[in-house]
Every structure is written in C-alpha cells, then in structure tokens.
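Q: Per numbering that gives the first Met the number 0, residue 0 is the first one in the sequence shown, and the count goes up by one each step.
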Amino acid sequence: MMKLAILGASGHGKVVADTAECCGWQSVEFFDDAWPGLQKNAVWSVVGDTAALMERLVDFDGVVVAIGNNRIRHAKLLELRTAGALLVTLVHPAATVSRYAVISEGAVVFAGAVVNAEALIGQGTILNTGCSIDHDCVLGDAVHVSPGARLAGGVQVGDLSWVGIGASVRQLVRIGQRVMVGAGSVVVTDIPNDVTVAGVPAKRMR
C-alpha cells in the first residue's frame with residue numbers, strides 16, 4: 000500500500016489529498032501543527048504535528064507540503080529535505096502537462112491546469128485549478144499560481160511569488176521574488192522583487 004503524508008491540514012490540503020488519491024496513493028494521512036486540537040480534515044485523519052512527522056518519515060512512501068503560505072511551505076520543504084524525507088510531486092490526471100515540461104519535487108498540479116513545452120516549474124510550487132503556464136515559462140521555488148491565472152510564453156516568476164486568481168501575465172514579462180499579483184490583474188511590464196501589484200494594467204500598490 001502506497002502511503003502519503005501531507006503536512007498542512009487546510010482547505011488546500013483537501014485538494015492535495017484528493018489529487019493524491021486520483022494519482023493512485025492508497026493511504027493519506029495529515030500532519031498539522033494545530034494537532035491534537037485538529038483531528039480531521041474532511042474524510043482524512045490528522046495524526047500528528049511536524050515533529051511527529053519527522054519521527055515517522057520511514058512509515059511513508061512520500062511526503063508533500065500542503066501549506067498555501069509560500070514562505071512557510073518553503074521553510075517546511077527545506078526542513079523535510081534536510082531530514083531525508085522523500086518529497087513527491089503530484090500531477091492530477093485531469094491536468095495537461097507537456098512531456099517536455101519539468102515539474103520539480105514537491106510541486107502540485109491540480110485538475111485543469113495546463114503546462115506547455117519547455118516550462119520549468121520550481122520546487123514546492125502550486126499550479127492551482129485551471130491555471131495555464133505557456134511554453135518556456137520559468138517559475139522559481141514555492142511559487143503559487145492561483146486558479147484560472149494565465150501566464151503567456153516565456154514568463155519568469157521568482158521564488159515565493161504569488162499570482163492571484165484570474166490574473167494574466169503578458170509574454171516575456173519577468174516577475175521578481177516575493178511578489179504579490181492581485182486577483183484579476185493584467186501584468187504587462189516587468190515587476191521588481193518584494194512588491195504588490197494590482198489592476199488593469201497592474202501597477203505597484205503603495
């Protein structure tokens with residue numbers, strides 16, 4: 000029986016667990032630092048916290064981090080990798096991923112997402128429901144592309160950045176690290192590190 004541990008028992012975690020089952024994982028158990036106060040996440044059991052997971056790594060065939068916050072997810076991924084955890088990648092069978100794309104460890108690709116040829120997706124990145132990543136895009140580590148967001152060809156997104164629901168990014172645009180792109184925004188120019196942008200066209204928020 001293939002057993003998967005998921006760190007992070009949130010709504011996002013439910014989608015990760017459902018995706019895992021669609022990918023053939025037969026047993027899914029959650030770990031969350033709200034345990035023991037938190038015992039269930041929908042139909043799945045929450046059986047311990049991060050420390051408990053570290054003690055039980057040998058019990059699982061894979062581990063994935065299901066925490067929406069990019070910084071926390073990235074930190075947990077590094078902690079697990081250092082501990083020797085087998086970090087897995089989950090690609091929902093209803094996603095469309097080119098054989099010429101690269102999806103790095105710890106990433107999750109949800110139903111309806113499209114990843115085209117020569118795209119490179121960094122470690123621990125979330126490609127959420129129905130988003131599209133066109134050819135030659137390069138996404139850093141712990142990026143989150145929200146549901147319905149669209150990245151045209153050759154877009155670059157730096158580590159820990161977030162592209163909001165329904166946002167669109169013009170081809171060849173570079174988005175820096177730790178950037179927040181607001182929901183429904185249209186990004187047509189390069190964005191530097193550590194800023195929030197929103198609007199049509201997207202502009203820096205004060």
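Each residue gets a CB set at the ideal place from its N, CA and C atoms; glycine is no exception. Quantities reported herein were computed from a predicted structural model and do not represent experimental measurements.
Pick helix, strand or coil for VAL14, following the three-state DSSP scheme.
A: Residue numbering aside, residue 14 sits at position 15 when the sequence shown is read from its first letter. Helix.
Q: Considering only residues of the region 69-143, which uninterrupted alpha helix (DSSP H) runs meet the minimum length of 4 residues and lie entirely inside it, listed in chain order?
A: Counting whole runs of 4 or more residues, the region 69-143 contains the alpha helix (DSSP H) stretches 69-81.
Q: Determine the contact status of LYS26 and MET0, defining contact as a CB-CB distance below 8 angstroms.
A: Translated into positions along the sequence shown, residue 26 becomes position 27. Translated into positions along the sequence shown, residue 0 becomes position 1. The sequence given here places Ser at residue 26; Lys does not occur at that position. Yes.
Q: Going by the beta-carbon positions, is the gap between ILE5 and ALA51 smaller than 8 angstroms?
A: Position 6 of the sequence shown holds residue 5. Position 52 of the sequence shown holds residue 51. Taking 8 angstroms as the Cβ cut-off, ILE5 and ALA51 do not qualify as a contacting pair.
Q: Going by the beta-carbon positions, is the gap between GLY152 and GLN170 smaller than 8 angstroms?
A: Here the question's residue 152 lines up with position 153 in the sequence shown. Here the question's residue 170 lines up with position 171 in the sequence shown. Taking 8 angstroms as the Cβ cut-off, GLY152 and GLN170 qualify as a contacting pair.
Q: Going by the beta-carbon positions, is the gap between GLN122 and VAL137 smaller than 8 angstroms?
A: One-based indexing of the sequence shown puts residue 122 at position 123. One-based indexing of the sequence shown puts residue 137 at position 138. The answer is no: Cβ separation not under 8 angstroms.
Q: Would you list the one or two residues that DSSP bridges to ALA197?
A: For the purposes of this step, residue 197 is identified with residue 198 of the sequence shown, where counting begins at 1. Paired residues: LYS202.
Q: Based on the DSSP output, what are the partners of VAL156 in its beta bridges?
A: The residue you call residue 156 lines up with position 157 of the sequence shown. According to DSSP, which records beta bridges pairwise, VAL156 is partnered with LEU138 and ILE174.
Q: By Cβ distance below 6 angstroms, which residues in the same chain neighbour ALA100 in space, the five residues on each side in sequence not counted?
A: The residue you call residue 100 lines up with position 101 of the sequence shown. Correct list, in chain order: VAL114 and ALA118.
Q: Starting from LEU52, trace the alpha helix (DSSP H) in both directions and tell me its first and last residue.
A: By one-based count along the sequence shown, residue 52 stands at place 53. Where LEU52 is concerned, the enclosing alpha helix (DSSP H) stretches over 49-54.
Q: Apply the 10 Å Cβ neighbour rule to ASP31 and answer buried if 16 or more other Cβ atoms are within range, or exposed otherwise.
A: The residue given as residue 31 occupies position 32 in the sequence shown. The residue is buried, with at least 16 neighbouring Cβ atoms inside 10 Å.
Q: Whose C-beta lies closer than 6 angstroms to the C-beta of SER167 among residues of the same chain, with five residues either side of it excluded?
A: Indexing the sequence shown from 1 puts residue 167 at position 168. Correct list, in chain order: ARG149 and VAL185.
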